[in-house]
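In this note's numbering, the protein residues as written are 1 to 323.
C-beta: ideal position from N, C-alpha, C; glycine also.
Here the structure is a predicted model, which is why all the values come from computation and not from measurement.
Notes follow the structure.
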Amino acid sequence: MSVLIYTEISKGRVKKASLEAVNYGTKIAELLGTSATAIVYNADAAQLEEIGHAGAKKILSVKGNADSISQSVAIEQAAKAESAKVIIFSHDINGKAVAPRVAAKLKAGLVAGAVDYPTINGNGLDVKKNVFSGKATAVYTIHSDVKVISLLPNSFPVTTSANTATVSDFAPDLSGITAKITVKEVKSNAGGGNIPLPEAELVVSAGRGMKGPENWGMVEELAKILGATTACSRPVADMHWRPHHEHVGQTGIAIRPNLYIAIGISGAIQHLAGVNGSKTIVVINTDKEAPFFKSADYGIIGDAFTVLPKLIEAVKKFKANAN
């Protein structure tokens, strides 16, 4: 018996969310008195070593490109080969596509978006996740023999140790798959140096209070000096002021950064649902009655066009003095 963890490589590095999953899977393995095995596509030696340092005792290394259907078949076969009773994913774009397929193939119970470590409940696992747009927390018990859990990114730490993993090549049998769709091309819309929003620890976001795309320079400047990723509200994306991949909220990307700065965003419930997992929220708005202030840890009542230049200057001065 083992715990199987699906890990991914993106832009030449092991995804932070995958390292969180390894940490989570290792904790479950300790809880169950077993070991953690990771499965990864197209990892080099350094990346395999990093996954091992995160806690995996064994790594199944798969070569070649595969869509979500092929990946789900590979993970199903790996789970059976390793006698895995718990399978861990990150609740990101790929995890959302693969985890349900794996659960269906293995007749497993699935909890998507876990935010805490599980506890043993008889032969089941109690798993906690946010519900009602983050206003409440629910605990689900997975009773099935095989259990599938996906983790909300930025909900768990990344740990490193001197642990090394044994690496084995794994070649899934994909001969029975008939492709119903073919991926012809994948293009990244994000800037090459940007940290993906689900993994970002610092996020600077803005809304209609910026009055137009021509004023986004100061938002980007603040993000740059903080080392943050930029985001926006849905109306901003709908008006094409900013690309849709920056849209955070209930109908966009859900994030859990350490710091979320919201500029000129009123704080509609749909937006809050996607950001209320943030550790610290700073709101800048001219409207003192803006709903967002009720969810903020810190609030500045003021015009962004006055506040942002002063904030940028203050951060620059602080960083200069720190050096």
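For residue j and residue i, the rounded distance between their alpha carbons
i: Gly-227; j: His-245; result: 18 Å
i: Glu-185; j: Ala-74; result: 22 Å
i: Thr-251; j: Thr-34; result: 38 Å
i: Gly-55; j: Lys-15; result: 15 Å
i: Tyr-140; j: Ala-231; result: 32 Å
i: Ala-99; j: Lys-288; result: 43 Å
i: Asp-303; j: Ile-261; result: 14 Å
i: Trp-241; j: Arg-13; result: 31 Å
i: Asn-285; j: Ser-68; result: 42 Å
i: Val-111; j: Val-127; result: 7 Å
i: Ile-59; j: Leu-31; result: 20 Å
i: Leu-19; j: Gly-113; result: 16 Å
i: Gly-264; j: Met-210; result: 6 Å
i: Lys-105; j: Ile-281; result: 40 Å
i: Ala-179; j: Asn-94; result: 18 Å
i: Asp-92; j: Ala-21; result: 11 Å
i: Gly-192; j: Lys-11; result: Because the pLDDT of Gly-192 is 44, which lies under 50, any placement of that residue in the model is unreliable, and the number read from its coordinates should be weighed accordingly. Cα-Cα distance, rounded: 8 Å.
i: Leu-307; j: Glu-201; result: A quick correction: the sequence has Val, not Leu, at residue 307. Their Cα atoms are separated by approximately 23 Å.
i: Ile-28; j: Glu-49; result: 21 Å
i: Lys-279; j: Ala-66; result: 35 Å
i: Lys-319; j: Val-183; result: 45 Å
i: Ser-70; j: Ser-233; result: 35 Å
i: Arg-101; j: Ile-300; result: 46 Å
i: Ala-329; j: Ala-138; result: The first residue shown for the chain is 1 and the last is 323, placing residue 329 beyond what the model contains.
i: Lys-57; j: Ser-175; result: 29 Å
i: Ala-108; j: Asn-321; result: 55 Å
i: Ala-45; j: Ile-51; result: 10 Å
i: His-53; j: Gly-212; result: 46 Å
i: Phe-170; j: Ser-83; result: 15 Å
i: Leu-125; j: Glu-214; result: 51 Å
i: Asn-290; j: Tyr-6; result: In the sequence as displayed, the identity of residue 290 is Ala instead of Asn. In a straight line, the C-alpha of Ala-290 is about 41 Å away from that of Tyr-6.
i: Leu-152; j: Leu-259; result: 16 Å
Supposed close pair residue i, residue j - CB separation, criterion 8 Å
i: Val-40; j: Ile-87; result: Actually they do not touch by this definition, with Cβ atoms about 14 Å apart.
i: Pro-235; j: Gly-207; result: 7 Å
i: Thr-129; j: Val-115; result: One detail in the question is off: residue 129 reads as Lys in this sequence, not Thr. 6 Å between Cβ atoms; contact.
i: Thr-37; j: Leu-4; result: 5 Å
i: Ala-17; j: Ser-90; result: 4 Å
i: Val-148; j: Ala-97; result: No, Val-148 and Ala-97 are not in contact; Cβ-Cβ is about 13 Å, not under 8 Å.
i: Val-283; j: Ala-296; result: 4 Å
i: Ser-266; j: Phe-292; result: 6 Å
i: Thr-157; j: Asn-23; result: Looking at the sequence itself, residue 157 is Pro, so the reference to Thr does not match. About 6 Å separates the two Cβ atoms, so the contact holds.
Exposed unless 16 or more other CB atoms sit within 10 angstroms - verdict on residue i
i: Val-248; result: buried
i: His-143; result: exposed
i: Tyr-298; result: exposed
i: Asn-154; result: buried
i: Asn-276; result: buried
i: Pro-309; result: exposed
i: Met-1; result: exposed
i: Met-239; result: exposed
i: Val-204; result: buried
i: Pro-172; result: buried
i: Ser-150; result: buried
i: Glu-313; result: exposed
i: Ile-181; result: exposed
i: Asn-123; result: exposed
i: Asn-323; result: exposed
i: Val-62; result: buried
i: Lys-85; result: buried
i: Thr-229; result: buried
i: Thr-160; result: exposed
i: Gly-64; result: exposed
In DSSP terms, what residue i is bridged to
i: Asp-126; result: Thr-119 and Thr-141
i: Gly-109; result: Lys-147
i: Lys-58; result: Thr-37 and Thr-166
i: Ser-72; result: Partner(s): none; Ser-72 has no beta bridge.
i: Lys-263; result: Looking at the sequence itself, residue 263 is Ile, so the reference to Lys does not match. For Ile-263, which the question treats as bridged, DSSP gives the partners Ala-206 and Ile-284.
i: Ser-90; result: Leu-151
i: Arg-13; result: Ser-10
i: His-247; result: Cys-232
i: Leu-4; result: Thr-37 and Ile-87
i: Ile-300; result: Ile-284
i: Ala-114; result: Lys-129 and Leu-151
i: Ala-136; result: Val-131
i: Ile-253; result: Val-248
Cutoff 8 Å: residue i Cβ touching any chain C Cβ
i: Val-22; result: Absent here is chain C; the protein component of the structure consists of one chain.
* Asked: Can you find at least 3 beta carbon pairs, one from the segment 253-271 and one from the segment 194-202, that sit closer than 8 Å?
  -> Short answer: they touch.
* Three or more C-beta pairs closer than 8 Å, one from the segment 219-234 and one from the segment 157-175: is that the case here? -> Touching, no.
* To do: Could you say if the segment 62-80 and the segment 112-124 meet the contact criterion of at least three C-beta pairs nearer than 8 Å?
  => With a cut-off of 8 Å, the segment 112-124 and the segment 62-80 do not count as touching, because too few Cβ pairs lie within range.
* Asked: Taking contact to mean at least 3 C-beta pairs separated by less than 8 Å, is the segment 128-135 in contact with the segment 264-278?
  -> Here the segment 128-135 lies against the segment 264-278, with 3 or more beta-carbon pairs under 8 Å apart.
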